[in-house]
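K.L.:
Heads up: the sequence shown begins at 276 in my numbering, then just goes up one per residue.
Where a beta carbon is used, it is the ideal one built from N, C-alpha and C, also for glycine.
Can you read through this structure? Questions will come right after.
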Amino acid sequence: MDDVTLVVVTQPRDEVDLYIDLQLKDNEIYTNPLIFWQQHQSEFSYLSKLARKIFAILCSSAAVERAFSAAGQVVTQRRSSLEPTTINDILFLRSVENNKRHL
């Protein structure tokens, strides 16, 4: 077994310093950064939480654009008197139907 040294870090700044000094073994290759942070979350609790938040951000605005497009199709001149809650309900049901098709 490998010798493991456990370092207790109390400050986020200490974690950054440890991360910068981290030496990976030659056979350690990470193609998915989330796997790296999951495996090292005990060493870098602050940084792993930050990484999860950053990697959870969508890199595309396509979903938002589709939602606005759907809203534009629901609210037309003929349907301009719909209540906001009714519009929300229609858009919600439409998104549920779209998600069913993609499963």
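#1: With a cut-off of 8 Å, do at least 3 Cβ pairs link the segment 334 to 351 to the segment 362 to 375?
#2: In this structure, how does DSSP classify TYR321 when only helix, strand and coil are distinguished?
#3: With distance defined between alpha-carbon atoms, name the residue in ALA346, THR351, LEU293 nearest to SER318.
#4: Is it the case that the segment 293 to 307 contacts the segment 315 to 332, given that we only count it when at least three CB pairs across the two stretches are under 8 Å?
#5: Pull up the distance between the alpha-carbon of PRO359 and that of ILE304, whole angstroms please.
#6: Please state whether DSSP places LYS300 in a helix, a strand or coil.
P.N.:
Reading it off the structure:
#1: Yes, they touch.
#2: Looking up residue 321 in the sequence shown gives position 46. It is helical.
#3: If you number the sequence shown from 1, residue 318 lands on position 43. Note that residue 318 corresponds to Glu in the displayed sequence, not to Ser. With distances taken between Cα atoms, GLU318 lies closest to LEU293.
#4: By the C-beta criterion, the segment 315 to 332 is judged to be in contact with the segment 293 to 307, since at least 3 inter-stretch pairs fall below 8 Å.
#5: Position 84 of the sequence shown holds residue 359. Position 29 of the sequence shown holds residue 304. Their Cα atoms are separated by approximately 50 Å.
#6: Here the question's residue 300 lines up with position 25 in the sequence shown. DSSP, reduced to helix, strand and coil, places LYS300 outside both helices and strands of the structure shown, so it counts as coil.
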